[in-house]
């Protein structure tokens, strides 16, 4: 059965390591969006977030079985979806991605499919269903679309990444189930496309991040000693890496679920920053992250049923 921060008054101090040199940058804990509930603009177990080219925010409100859309400043605009298996209906929507076609791709954990919507919530198509109605997935948790339109899905219980053509045809399974070694996946939950066109995978229960080519070749792995995924709370270690994104400079942001924090890495895996608040500005079981065009960081604060924005002061 499927189941499923030190400076708070001014902001968060982020230390960037560059060799042995350090430079400081401040991100203020700027605002929160939402609270626990079922009304529009409220959440019950939010999981994923995506930002479109115009700065609009989209959040998968998993337990309410809907997608909510917000303005660039976090004002609620609209919602769509209801519990069910039909077109436009949802059953635990998870991580989401805005594709190069301008459409929203939603991984549905309990419906074993990816559903595609336009920006206004109109259903477009399913991905991952076979002609006989069976699915290629067993609990898809995350989705990413590359610049050519190929769709990659983190297939949670199959411990693999499933690849589909822009037309939705199955192409290949990437990675194999396992622990520690490169190319092995253990309950992957999310993925993103790097600046060089490769996959950055939240290999969640291996407590690490993996970089893999789009044809499944292991490239790099980060998290704990030598990327073997030994869990821990030190910089560069994870206790379940659940959500991931890549910014315009190629930096990687990964939410660290049981450490209640966000870590920022360079494109080569060097830890650049750790984001962790205190008190009302703390994170509790964060599940996803997105970076907007202004460099603001939006974190899905699952345990607090809200979205947190960290604003750059530079």
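Numbering (our numbering), first residue to last: 421 to 734.
Ideal placement from N, C-alpha and C gives every residue a C-beta, glycine not left out.
Predicted model only: the values in this text are computed from it and were never measured.
Checking the sheet assignment: what are the DSSP bridge partners for residue i?
i: residue 488; result: 479, 499
i: residue 450; result: Residue 450 pairs with nothing; no bridge assigned.
i: residue 518; result: 524
i: residue 718; result: 710, 729
i: residue 596; result: 604
i: residue 573; result: 563, 582
i: residue 463; result: 456
i: residue 590; result: 584
According to DSSP, simplified to helix, strand and coil, what is residue i?
i: residue 578; result: coil
i: residue 537; result: strand
i: residue 642; result: strand
i: residue 604; result: strand
i: residue 456; result: strand
i: residue 663; result: strand
i: residue 699; result: helix
i: residue 670; result: coil
i: residue 723; result: helix
i: residue 658; result: coil
i: residue 441; result: Bear in mind that a pLDDT of 30 at residue 441, under 50, signals an unreliable position, so the model cannot answer this.
Quick check: does the Cβ of residue i come within less than 8 Å of any heavy atom belonging to the ligand NAD?
i: residue 616; result: The model depicted lacks the ligand NAD and carries no ligand whatsoever.
Just reading off the beta strand (DSSP E) that residue i is part of, what are its end residues?
i: residue 623; result: 619-623
i: residue 650; result: First-last for residue 650: undefined, no H or E at that position.
i: residue 705; result: Element bounds for residue 705: n/a, residue is neither H nor E.
i: residue 630; result: 628-632
i: residue 544; result: 543-547
i: residue 637; result: Residue 637 -> no beta strand (DSSP E), and no H or E assigned at all.
i: residue 682; result: 681-685
Just to confirm, are residue i and residue j a CB contact at a threshold of 9 Å?
i: residue 581; j: residue 515; result: no
i: residue 451; j: residue 731; result: yes
i: residue 682; j: residue 692; result: no
- [ ] Inspect the CB distances between the region 537-544 and the region 552-563 and report whether three or more fall short of 8 Å.
- [x] no
Open item on the list: Across the region 590-597 and the region 610-617, are there enough close Cβ pairs to call them in contact, namely three or more that are closer than 8 Å?
Closed with: no
Task: Segment contact flag, the region 499-507 with the region 474-490, C-beta cutoff 8 Å, min 3 pairs - done: yes
Task: Three-pair Cβ contact test at 8 Å for the region 619-632 versus the region 660-677 - done: yes
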